[in-house]
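Some notes on the structure that comes next.
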Amino acid sequence: MRILPSKTVAHAARVHTPALEFEAMIRHPTFKPHWTPFVIPQTGIVLLSSEERRILRGCPFADLTLLLDGMTCVDDVIAALCDRHDIASLCFCLMQMENAGYLTDGPPETPPSLIVWTESGARLVTSGPRPTQEPDETRAADSFTPEATGAVSTDEGLATANPGGDPPRTPPSHVDGPRDKRFASMLERIKPALQDTLVPASSFDKMLRVANLLPREFSEFWGIECRLDQTIQEADILFSVYPRTAGASLLAGAQPSCLDDLCEASPVWRALRTLARHWQRPDHPERLRITGLWLEHDTAAVRCDADLLRSIRQPNVFVAPSSQATADEIIRLTGILSRFFESARGSLPDLRWFMDALPPGARLFQIGWMMTRDPACGLRLCISGVDPAALRPWLSAILPRHVDELMPLIDLLTPLCRGLVFDFNLTARGVAPDLGVECYIRKVFDESAEWMTLLRTLEDAGIPVLEHWQAVDDYVGTLAIPLQQRLHGDRLELNPIRCINHVKCRLSKAKIAQVKVYLAASHREVHLEDIKLASGLSMARDSLLGSNGECRAPTVR
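In the working numbering, the protein residues as written are 82 to 638.
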């Protein structure tokens, strides 16, 4: 194999493309642990994480991916492929991946592996060149196998087309199954990243008892609510469920699971089962009007076993209406669900007035039934998409006596965030004066400085939040699991991601009265046969990514 010195590679790149200055910051590139690469020979790659999905088109991307093991120098990677591709193209592709944030400097946390699609099915491949192997000169330059670039195949065939029909989308869960079949196993995975100063052992144990009553596949995206303004910490746990997921199928009772006991014992869970069964019917109106739900278990308020039982059987329920739903549809839906949950009926007359007052572009993001709170709390209404210029007129219409207290605090938070969601309690007497403001930045791994700016501002406003920041920052990251351990038959588990979803401030009486951080965790599985569709990338853009080219996780509440 011909190896080019570093200066030769850089010089060749500049000769082919004068404007290109290949100054790679990453010397031993490999993919960040939250990305799982799928190589489609002669076509490109699909990068999947629990948060996002990306397609990179072009044969150079496919060949480069096989060599990015985090131990091979970037110059040697380019030299290994310079007989197959133009050097400038290789440099350009590497820079694209580096600038997009897909790559990191090695060595990797786990053995560098990926999946390659071949005519016979999917192969698990260990990336990296084998310098002792000479290239096969008789092989056509445009032919591709993992061996052509020195990648080592570690399995003959992980998955092939299923001749018997579509594989089952939800593996069966058993009521009396082992502990690793319960959601508690997912919570235990993140325990090492949770410091006791943020979530003490007593609080974690209460959340664990809730999670042990739920099946492992119940939620793909979930979160922990932590107080940042208290010395003694307590935490709540939240779970999302979305249509056409394993969790929705289990909630509907399509397979036996430990949810069956909850649905028999609790009217709230029975109502949730009815809702999930509506989702199973493609033409049912509630499937079209509801895009997801969140269940919040108030474990922070638990003081005895009776409290814990009530928290389990009566979670707070947040429903996300479709962005296409009209005000009339949302009001009708709220009435139906309020009868389901047997609460908040007195608030319904006010909902029409509240909906009519929404400024242009704003929408009802979520409706919440606070089952463990005083019924007088009414409905929780979460509003997104409010134009900052419309804030004062809008608040003047719905909270005229408090707008002058709230606006200075909102003005303090607005420039520090990339988006705000406003949480109101709508009661029989109108809108309660306390206002929740959810502050969003991004669910990525490079935003620590932005969160720090927000928290310093809160600290300057008299809220002691910085003492817990290091524990929050330490939580963020990826649980890197070897690819071999994440393959389960025809399904692949993506590396679980831990991130900050948002920070919530409660505004009351002209001050910030409370600050909470919502720590999110995601674990998702994909079917290898679905990824195979990416071999025709034009089809994969629709089936995997949607029209906007990406698929982000839903918001945790």
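Beta carbons are placed, not taken as given, at the ideal position from N, Cα and C, and that holds for glycine.
Legend entry - Buried/exposed call for residue 502, threshold 16 Cβ in 10 Å: In the sequence shown, residue 502 corresponds to position 421, counting from 1. It is buried - the Cβ of residue 502 has at least 16 other Cβ atoms within 10 Å.
Inset, instruction - Give me the Cα-Cα distance between residue 335 and residue 281, rounded to the nearest whole angstrom. - result: As a working note, residue 335 is residue 254 in the sequence shown. As a working note, residue 281 is residue 200 in the sequence shown. Using only the alpha carbons, I get a separation of about 37 Å.
Legend entry - Reduced DSSP secondary structure (H/G/I, E/B, other) of residue 218: Working through the sequence shown from its first residue, we reach residue 218 at position 137. The pLDDT assigned to residue 218 is 31, lower than 50, so where the model puts this residue is not dependable, and the model offers no usable value.
Legend entry - Cβ distance (whole Å) where residue 411 is taken to contact residue 445 below 8 Å: Sequence index remark: in the sequence shown, residue 411 carries index 330 (1-based). Sequence index remark: in the sequence shown, residue 445 carries index 364 (1-based). Correct: roughly 6 Å between the Cβ atoms.
Inset, instruction - Look at the Cβ atom of residue 422, then the Cβ atom of residue 398, and state whether they are nearer than 8 Å. - result: As a working note, residue 422 is residue 341 in the sequence shown. As a working note, residue 398 is residue 317 in the sequence shown. Closer than 8 Å, so yes.
Legend entry - Whole-Å CB distance - residue 193 paired with residue 150, under 8 Å assumed: Taking the first residue of the sequence shown as 1, we reach residue 193 at position 112. Taking the first residue of the sequence shown as 1, we reach residue 150 at position 69. Indeed they touch by this definition, with Cβ atoms about 4 Å apart.
Legend entry - Residue nearest to residue 496 in terms of C-alpha spacing, selected from 535, 355, 162, 402: Taking the first residue of the sequence shown as 1, we reach residue 496 at position 415. Among 535, 355, 162, 402, the Cα nearest to that of residue 496 belongs to 535.
Legend entry - Terminal residues of the alpha helix (DSSP H) in which residue 540 lies: Your numbering for residue 540 matches position 459 in the sequence shown. 529–541 is the extent of the alpha helix (DSSP H) around residue 540.
Inset, instruction - Would you mind sorting residue 506 into buried or exposed? The rule is 16 or more other CB atoms within 10 Å of its CB. - result: Mapped onto the sequence shown, residue 506 falls at position 425. It is buried - the Cβ of residue 506 has at least 16 other Cβ atoms within 10 Å.
Inset, instruction - For residue 498, collect the residues of the same chain with a Cβ closer than 8 Å to its Cβ; drop the 5 residues on either side in sequence, then sort them by chain order. - result: Sequence index remark: in the sequence shown, residue 498 carries index 417 (1-based). 520, 521, 522, 535.
Inset, instruction - Find out if the Cβ-Cβ distance for the pair residue 297, residue 321 is shorter than 8 Å. - result: Numbered from 1 along the sequence shown, position 216 holds the residue referred to as residue 297. Numbered from 1 along the sequence shown, position 240 holds the residue referred to as residue 321. For residue 297 and residue 321, no; Cβs fall outside 8 Å.
Legend entry - Inter-residue spacing [alpha-carbon to alpha-carbon] between residue 537 and residue 491: To locate residue 537, count along the sequence shown from 1; it is residue 456. To locate residue 491, count along the sequence shown from 1; it is residue 410. So the alpha carbons of these two residues sit roughly 16 Å apart.
Inset, instruction - Could you name the residues that DSSP lists as bridge partners for residue 519? - result: Sequence index remark: in the sequence shown, residue 519 carries index 438 (1-based). According to DSSP, residue 519 bridges with 502, 585.
Legend entry - Between the CA atoms of residue 458 and residue 112 - distance to the nearest angstrom: To locate residue 112, count along the sequence shown from 1; it is residue 31. To locate residue 458, count along the sequence shown from 1; it is residue 377. For residue 112 and residue 458, the distance between alpha carbons rounds to 48 Å.
Legend entry - Alpha-carbon spacing of residue 188 relative to residue 604, whole angstroms: Position 107 of the sequence shown, counted from the first residue, corresponds to residue 188. Position 523 of the sequence shown, counted from the first residue, corresponds to residue 604. Here the alpha carbon of residue 188 sits roughly 24 Å from the alpha carbon of residue 604.
Inset, instruction - Can you have a look at residue 385 and say buried or exposed, based on whether 16 or more other CB atoms are within 10 angstroms of its CB? - result: Within the sequence shown, the letter at position 304 stands for residue 385. Per the 10 Å Cβ criterion, exposed.
Legend entry - Assigned secondary structure, residue 330 (DSSP; H/G/I helix, E/B strand, else coil): Residue 330 sits at position 249 when you count from the first residue of the sequence shown. Note: residue 330 maps to helix in three-state DSSP.
Legend entry - Three-state secondary structure (DSSP) of residue 69: This structure cannot speak to residue 69, because the chain is shown only from 82 to 638.
Legend entry - Beta-bridge pairing of residue 397 - partner residues as DSSP gives them: Within the sequence shown, residue 397 is the residue found at index 316, counting from 1. Its beta-bridge partners are 377.
Inset, instruction - Please report the Cβ distance between residue 333 and residue 360, rounded to the nearest whole angstrom; I am assuming they are in contact, meaning their Cβ atoms lie under 8 Å. - result: Your numbering for residue 333 matches position 252 in the sequence shown. Your numbering for residue 360 matches position 279 in the sequence shown. Sure, about 7 Å apart at Cβ, within 8 Å.
Inset, instruction - Please go through the region 265–307 and give each complete alpha helix (DSSP H) segment of 4 or more residues, from N-terminal end onward. - result: Here the runs fully enclosed are 265–271, 282–292.
Inset, instruction - May I ask you to report which of helix, strand or coil DSSP gives residue 402? - result: Along the sequence shown, read from residue 1 onward, the residue named residue 402 stands at position 321. The answer is strand: DSSP assigns residue 402 an E or B state.
Legend entry - Assigned secondary structure, residue 495 (DSSP; H/G/I helix, E/B strand, else coil): Here residue 495 is taken as the residue at index 414 of the sequence shown, counted from 1. In the structure shown, residue 495 sits in a helix (DSSP, three-state: H, G or I).
Inset, instruction - Mind reading off the beta-carbon distance from residue 29 to residue 518? Whole number of angstroms is fine, and I expect it under 8 Å. - result: This structure does not reach residue 29, given that the chain is present from 82 up to 638, and the question cannot be answered.
Legend entry - Among 542, 486, 562, nearest to residue 589 - alpha-carbon criterion: Looking up residue 589 in the sequence shown gives position 508. That would be 486, whose Cα lies nearest to the Cα of residue 589.
Inset, instruction - Identify, in the order they occur along the chain, each residue of the same chain with its Cβ nearer than 7 Å to the Cβ of residue 529, setting aside the five sequence neighbours on each side. - result: Start at 1 with the first residue of the sequence shown, and residue 529 comes out as number 448. Hits under 7 Å: 554.
Inset, instruction - Assign residue 489 to one of three DSSP states: helix, strand, or coil. - result: Your numbering for residue 489 matches position 408 in the sequence shown. In this structure, residue 489 counts as helix in the three-state DSSP scheme.
Legend entry - contact_flag[the region 570–581, the region 121–137] where n(CB pairs < 8 Å) is 3 or more: yes
Inset, instruction - Please go through the same chain and pick out, in chain order, the residues whose beta-carbon is closer than 6 Å to the beta-carbon of residue 564, but skip the five residues on each side of it. - result: The sequence position of residue 564 within the sequence shown is 483, counting from 1. Counting only Cβ-Cβ distances below 6 Å, and skipping sequence neighbours, we find 194.
Legend entry - Check whether residue 438 and residue 466 have beta carbons under 8 Å apart: Stepping through the sequence shown from its first residue, residue 438 is reached at position 357. Stepping through the sequence shown from its first residue, residue 466 is reached at position 385. Result no, Cβ atoms of residue 438 and residue 466 do not sit closer than 8 Å.
Legend entry - Candidates 146, 441, 571, 182: closest to residue 106 by CA position: Counting from 1 along the sequence shown, the entry for residue 106 is found at position 25. Comparing Cα positions, the closest option is 182.
Inset, instruction - Let me know the beta strand (DSSP E) ranges lying completely inside the region 110–190, each 3 residues or longer, listed in chain order. - result: 110–112, 117–121, 125–129, 134–138, 184–186
Legend entry - Residue from 570, 558, 591, 204 with nearest C-alpha to residue 582: Taking the first residue of the sequence shown as 1, we reach residue 582 at position 501. Of 570, 558, 591, 204, the residue nearest in Cα terms is 558.
Legend entry - CB-CB length for residue 278 against residue 549, believed under 8 Å: Position 197 of the sequence shown, counted from the first residue, corresponds to residue 278. Position 468 of the sequence shown, counted from the first residue, corresponds to residue 549. Rounded, the Cβ-Cβ distance is 6 Å, consistent with contact.
Legend entry - Opening and closing residue of the alpha helix (DSSP H) in which residue 466 lies: Taking the first residue of the sequence shown as position 1, residue 466 is located at position 385. Unbroken run through residue 466: none, as it is neither H nor E.
Legend entry - residue 489, buried or exposed, once every other Cβ within 10 Å from all chains shown has been counted against 16: Within the sequence shown, numbered from 1, the residue matching residue 489 stands at position 408. Label assigned to residue 489: exposed.
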